[in-house]
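To start, the structure itself, in structure tokens.
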Amino acid sequence: MKTYAIRQLNLMDRRSFTDALGEIFEHSPWIAERAWNSRPFAGKEQLHAVMLTIVDEACEEEKLGLIRAHPDLGARLRMSELSVNEQKGAGLSELTADEFAEFSACNQAYTQRFGFPFIIAVKGKSKEAILEAMKHRLTLDREEEKRQALNQIAAITRFRLNDLIPLEEESNDGA
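Using my numbering, count along the sequence shown one by one with no gaps and you end on 1128.
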């Protein structure tokens, strides 16, 4: 994965900036595109805060679109490279047939109940902990669960930005 220094991102035109950061929020480059207007950023924390403010101020349709852009956990469907790597790290790419069936059933129940996929920042979590969290969150009401999903997206994007901008003053392309 290519990495960047914040100063490089600050110097990019809108298209390059959106291309570099567009997948931080799953299949939602509109967030990076809008964040471009707030340059220059003092650091990745400020960039992340601006992006989260954009999500917070987005209309309800955009928020639901962002949530629905995420893949089902443990699904064997097309996902962004970032999601594939995150799910692989949690063991979700190597589910047994029984585990796959359980995740599929929970994903289906969750989507039927809430109208969007279950979202959790999987980094550092086991597949067992993820499944337990999914079962617990099935008991929440829709508004609380929507807040949970957006909070989890904030955590996911923080991890992704930390990988993309590992150090404020360094990048891997010599710039």
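Glycine included, each C-beta is placed from N, C-alpha and C at the ideal position.
Every value quoted in this text rests on a predicted model; they were computed, and no experiment measured them.
* **Straight-line gap, F1069 to R987 (C-alpha atoms, nearest Å)** => 24 Å
* Alpha-carbon spacing of E1097 relative to P1119, whole angstroms -> 32 Å
* Assuming I1083 contacts L1026 under a Cβ cut-off of 8 Å, what Cβ separation, rounded to an integer in Å, is found between them? -> Yes, they are in contact, since the Cβ atoms of I1083 and L1026 sit about 6 Å apart, within 8 Å.
* Please confirm whether F978 and T1110 have their CB atoms less than 8 Å apart. => yes
* Asked: What three-state label does DSSP hand V1075 in the structure shown?
  -> coil
* Pick helix, strand or coil for L1091, following the three-state DSSP scheme. => DSSP places L1091 in coil when its eight states are reduced to three.
* If you draw a straight line from the C-alpha of W989 to the C-alpha of W983, how long is it? -> About 10 Å.
* Would you call T1006 buried or exposed, if buried means 16 or more other Cβ atoms sit within 10 Å of its Cβ? -> Exposed, since its Cβ has fewer than 16 Cβ neighbours within 10 Å.
* **Under 8 Å between C-beta atoms of L1091 and R1066** => yes
* Continuous alpha helix (DSSP H) stretch holding D1009: start and end -> 997-1010
* **Status (buried if at least 16 other CB within 10 Å, exposed otherwise) for K997** => buried
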